[in-house]
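Chemist: Letter by letter, the sequence shown follows residues 5 to 325 in the working numbering.
Beta carbons: idealized from backbone N, C-alpha and C, even for Gly.
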Amino acid sequence: MTSKESSLLPEYSVVVPCYNEGENLRVFHERLFNVMQMTGKTWEVVYVNDGSRDDTAEVITALADGEANVAYLNLSRNFGKEICLTAGLDHAQGTEAVIIIDADLQDPPEVITDLIAAYKDVDTVYAQRRSRKTDSWLKRLTAFAFYRVMVGLSNRITIPPDTGDFRLISRRALDALLSLRERHRFMKGLFAWVGFPSRAVLYDRDARHSGYSSFNYWKLWNFALEGITSFTTIPLKLATYIGLLTSTVALFYGTFLLIRTLIFGNNVSGYPSLMTAILFLGGIQLMAMGIIGEYLGRVFNETKQRPLYIVECYVKKGINP
Numbered sequence: 005m006t007s008k009e010s011s012l013l014p015e016y017s018v019v020v021p022c023y024n025e026g027e028n029l030r031v032f033h034e035r036l037f038n039v040m041q042m043t044g045k046t047w048e049v050v051y052v053n054d055g056s057r058d059d060t061a062e063v064i065t066a067l068a069d070g071e072a073n074v075a076y077l078n079l080s081r082n083f084g085k086e087i088c089l090t091a092g093l094d095h096a097q098g099t100e101a102v103i104i105i106d107a108d109l110q111d112p113p114e115v116i117t118d119l120i121a122a123y124k125d126v127d128t129v130y131a132q133r134r135s136r137k138t139d140s141w142l143k144r145l146t147a148f149a150f151y152r153v154m155v156g157l158s159n160r161i162t163i164p165p166d167t168g169d170f171r172l173i174s175r176r177a178l179d180a181l182l183s184l185r186e187r188h189r190f191m192k193g194l195f196a197w198v199g200f201p202s203r204a205v206l207y208d209r210d211a212r213h214s215g216y217s218s219f220n221y222w223k224l225w226n227f228a229l230e231g232i233t234s235f236t237t238i239p240l241k242l243a244t245y246i247g248l249l250t251s252t253v254a255l256f257y258g259t260f261l262l263i264r265t266l267i268f269g270n271n272v273s274g275y276p277s278l279m280t281a282i283l284f285l286g287g288i289q290l291m292a293m294g295i296i297g298e299y300l301g302r303v304f305n306e307t308k309q310r311p312l313y314i315v316e317c318y319v320k321k322g323i324n325p
């Protein structure tokens, strides 16, 4: 890229993954526009439509038609939040830094000024929630457990607790991140895996402006499995240790039964305990097979080498000073 071509690119890119956010986008864009104009930097915003079923595509198209610094990326179908975010990062042209934020206004765009202010001698500035008062008690409990489990399981990387995707990352950190093309993507873990100096900015998360989150508890559970299996093989080791412990207990118990039979003779009674032992061992085996299956399924998906996503259209007219 020549210096002339580089000078035409924006200094900051804002990547906004969108799924059924039609009710929020106009308000979000107005607030984002006001914040970014105050930075004094050239900027663009990349809206990524992840196969939305409402009027998200129409709203983004209208925004892109009205302003030159709005880029619109429409995926061919719904690929999921992590892939949608990756697509936006692939198309972000910011030469200095990229900002990631959701469109539901739970993460206030005004916090971006704090991220930029803290972006001095680090490559990543992540927004960390002061509290989770807008979440239900069950979600707060599961989030607390998830982040602490990830800290305990992750090998040589630290995922900051109570931190989502809302962050600012330097161009060099983004280039390192985009070199990771795995299909099963846990972005919070990937952000931490690439390393580079980072800093937290505390903020208060707002309630969702309108609409409903697409993440239910089942999706959150699968999301947690994705994070655990993407960054550690400890579940496989645990399955091995549980199998070894169970075999050891079974050996001692079998020895005990043999000695008791030799001394006191054979007693036909004990059917309930026999069934309990069979069901317990069967459960342990199925659990171990399930853990192995989770990892094997991920290996299977990686070997297919399919593209992460397919772009239906990409529209970018230019940038505003």
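Using a 10 Å radius around the Cβ and a threshold of 16 neighbouring Cβ atoms, would you call Lys241 buried or exposed?
Modeler: For this step, residue 241 is matched to residue 237 along the sequence shown. That one is exposed.
Chemist: How long is the line joining the alpha carbons of Asp125 and Arg175, rounded to whole angstroms?
Modeler: For the purposes of this step, residue 125 is identified with residue 121 of the sequence shown, where counting begins at 1. For the purposes of this step, residue 175 is identified with residue 171 of the sequence shown, where counting begins at 1. The straight-line gap from Cα to Cα measures roughly 14 angstroms.
Chemist: When the Cα of Val19 is compared with those of Leu12, Met42, Asp54 and Leu312, which residue comes out closest?
Modeler: Here the question's residue 19 lines up with position 15 in the sequence shown. The shortest C-alpha separation from Val19 is found at Asp54.
Chemist: Identify whether Arg209 lies in helix, strand or coil by the three-state DSSP scheme.
Modeler: Mapped onto the sequence shown, residue 209 falls at position 205. DSSP places Arg209 in coil when its eight states are reduced to three.
Chemist: So Ile73 packs on Val49, CB below 8 angstroms; how close in whole Å?
Modeler: What you label residue 73 is simply residue 69 of the sequence shown in a count that begins at 1. What you label residue 49 is simply residue 45 of the sequence shown in a count that begins at 1. For the sequence presented, residue 73 should be read as Asn rather than Ile. Going by Cβ atoms, the distance from Asn73 to Val49 rounds to 7 angstroms, so yes, they are a contact pair.
Chemist: I need the straight-line Cα distance from Gln110 to Pro14, nearest angstrom please.
Modeler: The residue labelled residue 110 in the question sits at position 106 within the sequence shown. The residue labelled residue 14 in the question sits at position 10 within the sequence shown. Each residue's Cα considered, the two are about 26 angstroms apart.
Chemist: Phe37 lies in the alpha helix (DSSP H); which residues open and close that run?
Modeler: Position 33 of the sequence shown, counted from the start, is the residue given in the question as residue 37. Note, Phe37: alpha helix (DSSP H), Leu29 to Gln41.
Chemist: With a CB to CB cut of under 8 angstroms and the five nearest residues on each side skipped, what residues in its chain are close to Arg171?
Modeler: The residue given as residue 171 occupies position 167 in the sequence shown. Cβ within range, chain order: Ile103, Ile104, Leu119, Thr128, Val129, Tyr130, Ala131 and Phe195.
Chemist: Evaluate Phe83 with the Cβ neighbour count: other Cβ atoms within 10 Å of its Cβ, from every protein chain shown; 16 or more gives buried, anything less gives exposed.
Modeler: As a first step, residue 83 must be located in the sequence shown, where it is residue number 79. Buried, because 16 or more other Cβ atoms sit within 10 Å of the Cβ of Phe83.
Chemist: Are the beta-carbon atoms of Arg187 and Asn78 separated by less than 9 angstroms?
Modeler: Along the sequence shown, one-based indexing puts residue 187 at 183. Along the sequence shown, one-based indexing puts residue 78 at 74. Not a contact, by the Cβ cut-off of 9 angstroms.
Chemist: Sort out for me which residues DSSP pairs Val49 with in a bridge.
Modeler: Reading the sequence shown from its first residue, position 45 is the one you call residue 49. DSSP lists Val18 and Val74 as partners of Val49.
Chemist: Express the C-alpha separation of Gly247 and Tyr23 in angstroms, rounding to a whole number.
Modeler: Along the sequence shown, one-based indexing puts residue 23 at 19. Along the sequence shown, one-based indexing puts residue 247 at 243. Distance between the alpha carbons of Tyr23 and Gly247: 43 angstroms.
Chemist: Mapping DSSP to helix, strand and coil, what is Ser174?
Modeler: Looking up residue 174 in the sequence shown gives position 170. Strand, per DSSP.
Chemist: Note the first and the last residue of the continuous beta strand (DSSP E) segment covering Ala107.
Modeler: Your numbering for residue 107 matches position 103 in the sequence shown. It is not in any beta strand (DSSP E) - Ala107 carries neither H nor E in the DSSP assignment.
Chemist: Can you list, in chain order, the residues of its chain with a C-beta nearer than 7 angstroms to that of Arg203? Leave out the 5 residues immediately preceding and following it.
Modeler: For the purposes of this step, residue 203 is identified with residue 199 of the sequence shown, where counting begins at 1. Closer than 7 angstroms at Cβ, skipping near neighbours: Ala122, Val126 and Val129.
Chemist: Exposed or buried, what is Tyr313 when buried is set at 16 or more other beta-carbons lying within 10 Å of its beta-carbon?
Modeler: By 1-based counting over the sequence shown, the position of residue 313 is 309. That one is buried.
Chemist: For the putative contact between Leu29 and Ala107, defined by C-beta atoms under 8 angstroms, what is the C-beta separation to the nearest angstrom?
Modeler: What you label residue 29 is simply residue 25 of the sequence shown in a count that begins at 1. What you label residue 107 is simply residue 103 of the sequence shown in a count that begins at 1. With a Cβ gap of about 6 angstroms, Leu29 and Ala107 count as contacting.
Chemist: So Ala101 and Tyr16 are in contact, right, with Cβ under 8 angstroms, and what is the actual spacing, rounded?
Modeler: In the sequence shown, residue 101 corresponds to position 97, counting from 1. In the sequence shown, residue 16 corresponds to position 12, counting from 1. Indeed, because the Cβ distance is near 6 angstroms, the residues count as touching under 8 angstroms.
Chemist: Let me confirm a value: Val198 is counted as buried when at least 16 other C-beta atoms fall within 10 Å, else exposed. Which label applies?
Modeler: Position 194 of the sequence shown, counted from the start, is the residue given in the question as residue 198. Buried: at least 16 other Cβ atoms inside 10 Å.
Chemist: Would you identify the three-state DSSP class for Ser183, choosing helix, strand or coil?
Modeler: Mapped onto the sequence shown, residue 183 falls at position 179. Three-state result, Ser183: coil.
Chemist: Using the beta-carbon count (16 or more within 10 Å), is Thr327 buried or exposed?
Modeler: In the structure as shown, the chain begins at 5 and stops at 325. Residue 327 is therefore absent and cannot be evaluated.
Chemist: Flag this pair as yes or no: are the beta carbons of Pro43 and Ile116 separated by less than 9 angstroms?
Modeler: Taking the sequence shown and counting its residues from 1, the one referred to as residue 43 is at position 39. Taking the sequence shown and counting its residues from 1, the one referred to as residue 116 is at position 112. Checking the sequence shown, residue 43 turns out to be Thr, not Pro. Cβ atoms of Thr43 and Ile116: closer than 9 angstroms.
Chemist: Buried or exposed: Ser7, going by 16 or more other Cβ atoms within 10 Å of its Cβ?
Modeler: On the sequence shown, position 3 is the one that residue 7 refers to. For Ser7, the pLDDT reaches just 49, beneath the cut-off of 50, and the residue's location in the model is therefore unreliable, leaving the point undetermined.
Chemist: Apart from the five residues on each side of it in sequence, which residues of its chain come closer than 6 angstroms, Cβ to Cβ, to Ala180?
Modeler: Mapped onto the sequence shown, residue 180 falls at position 176. So the qualifying residues of the chain are Val198.
Chemist: Let me make sure I understand the geometry here. Which of Pro113, Asp169 and Gly294 has the alpha-carbon closest to that of Val31?
Modeler: Residue 31 sits at position 27 when you count from the first residue of the sequence shown. Of Pro113, Asp169 and Gly294, the residue nearest in Cα terms is Pro113.
Chemist: Going by C-alpha distance, which of Cys88, Leu12, Leu184 and Asp69 is nearest Val319?
Modeler: The residue you call residue 319 lines up with position 315 of the sequence shown. Of Cys88, Leu12, Leu184 and Asp69, the residue nearest in Cα terms is Asp69.
Chemist: Given this structure, state the Cα-to-Cα distance separating Leu36 from Met293, to the nearest angstrom.
Modeler: Here residue 36 refers to the residue found at position 32 when the sequence shown is read from its first residue. Here residue 293 refers to the residue found at position 289 when the sequence shown is read from its first residue. Approximately 48 angstroms, taken between the alpha carbons.
Chemist: May I ask you to report which of helix, strand or coil DSSP gives Arg81?
Modeler: As a first step, residue 81 must be located in the sequence shown, where it is residue number 77. It is coil, neither helix nor strand.
Chemist: Classify Arg133 as helix, strand or coil using the three-state DSSP reduction.
Modeler: On the sequence shown, residue 133 is found 129 positions in, with the first residue counted as 1. In the structure shown, Arg133 sits in a strand (DSSP, three-state: E or B).
Chemist: Please tell me whether Leu182 and Asp59 are closer than 9 angstroms, where the distance is taken between their beta carbons.
Modeler: Along the sequence shown, one-based indexing puts residue 182 at 178. Along the sequence shown, one-based indexing puts residue 59 at 55. For Leu182 and Asp59, no; Cβs fall outside 9 angstroms.
Chemist: Excluding the 5 residues preceding and the 5 following Arg133 in the sequence, name in chain order all residues of the same chain whose CB lies nearer than 6 angstroms to its CB.
Modeler: As a first step, residue 133 must be located in the sequence shown, where it is residue number 129. So the list reads Asp166 and Arg209, once near-sequence residues are dropped.
Chemist: Find out if the Cβ-Cβ distance for the pair Leu290, Thr250 is shorter than 9 angstroms.
Modeler: For this step, residue 290 is matched to residue 286 along the sequence shown. For this step, residue 250 is matched to residue 246 along the sequence shown. Not a contact, by the Cβ cut-off of 9 angstroms.
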